[in-house]
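Report on one structure; see the data block that follows.
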Amino acid sequence: MAELHFFTGTMDSGKSTLALQTNHNHAARGRQGRIFVTRDRAGNGQVSSRLGLVHAALEVDPDFDFWRYVVTSLTQGGRIDYLICDEAQFYTGDQIDQLAKVVDELQIDVFAFGILTDFRTQLFPGSARLVELADRMNVLQVEALCWCGKRATHNARTENGVMVTEGEVIVVGDVEQTAAEDGTPVTAAPESDADVAYEVLCRQHHRRRLTAARAKAVSLAPEPLPFG
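Position 89 of the sequence shown, counting from 1, maps to 89 under UniProt numbering, and the rest follow consecutively.
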């Protein structure tokens, strides 16, 4: 029986790498699939991994209809055994419903990959619907790490070096490592007009808005105990 799989993790946990590996494994067994993506860091129509892997993909915009695409492809003589759907957090709820329909009525496997929550710690609509509908939900075992060494569970956004918790939900960036003037590793969104960057943090430091750069600036001074 075909299934709807959802693989999730923070930024920098290897979701796109796994998406491409999943495609490779199925294609190596003679299965034929389609790869979809939206708003990848490398630009339209590409799935890219931070390990340097890149693969052409079909770009998903808000009006894209998965059910119509698959049915049209099949009726025109095409073969589709599975779908790879990267950056699925950006898909609409209706598009996730379409993917579930493809699984149930056409018996085509769907493998969706995406971040669970945004920089405000709120569920993305696409991810929320996947949690509700997926046959299997898998948290990636490759753990991204907070600057403190603990497992990173939250995605933080900084603007001009300051962590923010309000603003546009979708601003494409990356978590590539660069170095600040004092040598502290920080995250940056290359080629961005605005100084927007992303960093993965543990829950404690996300709640305290304590990024790597800010921790360095305050010399990791402990906060006072919450008494009195």
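Beta carbons are placed, not taken as given, at the ideal position from N, Cα and C, and that holds for glycine. Here the structure is a predicted model, which means the values were calculated and not measured.
Shown here, I96 sits in a helix according to DSSP, grouped into three states. DSSP, reduced to helix, strand and coil, places L116 outside both helices and strands of the structure shown, so it counts as coil. The beta-carbon separation of G126 and A88, rounded to 5 Å, stays under the 8 Å limit for a contact. In the displayed model, N23 falls within a helix according to three-state DSSP. Between T211 and A156, the beta carbon gap of about 6 Å places them in contact (Cβ cut-off 8 Å).
In this structure, DSSP gives G33 an extended state, which the three-state scheme calls strand. Our two residues, R29 and D81, have alpha carbons roughly 11 Å apart in a direct line. Put simply, the backbone Cα of C85 is about 17 Å away from that of D104. By the Cβ test, the segment 141-153 is not in contact with the segment 59-69, since fewer than three Cβ pairs between them sit closer than 8 Å. For E59, the pairing in a beta bridge is given by DSSP as V37. Spatial neighbours of R129 in its own chain (CB-CB distance under 6 Å, excluding positions within 5 residues in sequence) are listed in chain order as G93, I96.
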